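Peer 1:
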Amino acid sequence: MPTWPINPLAHHEPFIAEEIRLLMFASYQVEADLLGAADFFPLSRTAHHIATAEVLFWGIYEAGVLAAVLELEDLDPTHAHIDSLVVHPAHFRRGMASALLQQIIHLRPTQRLTVSTGVLNHPALALYAAHGFAIERHWATADGIAMVTLGRPWLSGTRQ
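My numbering runs 417 ahead of the 1-based position in the sequence shown.
1) When we look at the beta-carbon of L495 and count the other beta-carbons within 10 Å, is it buried (16 or more) or exposed?
2) From the beta carbon of H505, is the nearest beta carbon of chain B less than 8 Å away?
3) For a test of the three-state rule: what should DSSP assign to R576, helix, strand or coil?
4) CB H498 to CB V532, shorter than 8 Å?
5) For the pair the stretch 517-528 and the stretch 465-481, tell me if three or more CB-CB distances fall below 8 Å.
6) With burial defined as no fewer than 16 other Cβ atoms inside 10 Å of the residue's Cβ, what is the status of Q577: buried or exposed?
7) Three Cβ pairs or more, each shorter than 8 Å: is that satisfied between the stretch 550-570 and the stretch 440-460?
8) Measure the Cβ-Cβ separation of S444 and V482 and say whether it is below 8 Å.
9) When the Cα atoms are used, what is the spatial distance from I522 to R554?
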């Protein structure tokens, strides 16, 4: 599998926030189609919302273009939630999402990680399962989209 430099993104900067928004829009449009969602909340995020979010973003650039992003929210010292993991459709199935997940798992070995995705998003479910995530609960959005939350415990032997 190829490797890419993965770096924190300065999402508070307007230009970076807009890069993230454009990437999210392209990726979430594909997910909305997979889920059959006419009104998909992630598509409504603005660059301002991204720039003011109290979260961390990591990204992969290829040829100077933002190709993949992971958004992580620290809920408490023992638990972080992946708010977004998106890859531009032009870069699907190249291992970028796996690389971002591996980076977060490496950086956060003592934190339990969770993520939510649509029940019909089979590529995402397979990706998370391959990285040790298991379904913890089923739920639905206010618009009736069937969702799951998956969790991954901290790595054995790393917890103090």
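All residues carry an ideal CB built from backbone N, CA and C; glycine is no exception. These numbers were taken from a predicted model, which means no experiment stands behind them.
Peer 2: The structure says:
1) Correcting the residue identity first, residue 495 is Thr in this sequence and not Leu. Under this definition T495 is an exposed residue.
2) Looking for chain B here will not work: only one protein chain is present.
3) Low confidence applies here, because R576 scores a pLDDT of 42, under 50, leaving its location unreliable; read the following figure in that light. Coil, per DSSP.
4) yes
5) yes
6) With a pLDDT of 40 at Q577, under the threshold of 50, the modelled position of that residue is not reliable, and no figure is offered here.
7) yes
8) no
9) 21 Å
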